[in-house]
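Its first residue numbered 2, the sequence shown is counted upward by one per residue in our numbering.
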Amino acid sequence: MKIIKREPLFEKVEKALLKAYHHIPAELEAEKKRN
């Protein structure tokens, strides 16, 4: 069975998306506190 090597670029994009995704709720909470 061949292990599919993941694209480094794809991993970078995925990590960036995950970071952004986890960052959004924090941003929304900060907005709520400001208002």
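Note that beta-carbon positions come from the ideal geometry of N, C-alpha and C, so glycine has one too.
Proximity test, Cβ basis, 8 Å: residue i and chain D
| i | result |
| --- | --- |
| H23 | Although the question refers to chain D, the structure presented lacks it and comprises just one protein chain. |
Residue i in three-state terms, based on DSSP
| i | result |
| --- | --- |
| R35 | helix |
| Y13 | As written in the sequence, residue 13 is Lys, which differs from the Tyr given in the question. Helix, per DSSP. |
| E8 | coil |
Inter-residue Cα distance where the pair is residue i and residue j
| i | j | result |
| --- | --- | --- |
| R35 | P26 | 14 Å |
| P9 | A17 | 12 Å |
| E12 | K33 | 32 Å |
| E15 | K6 | 15 Å |
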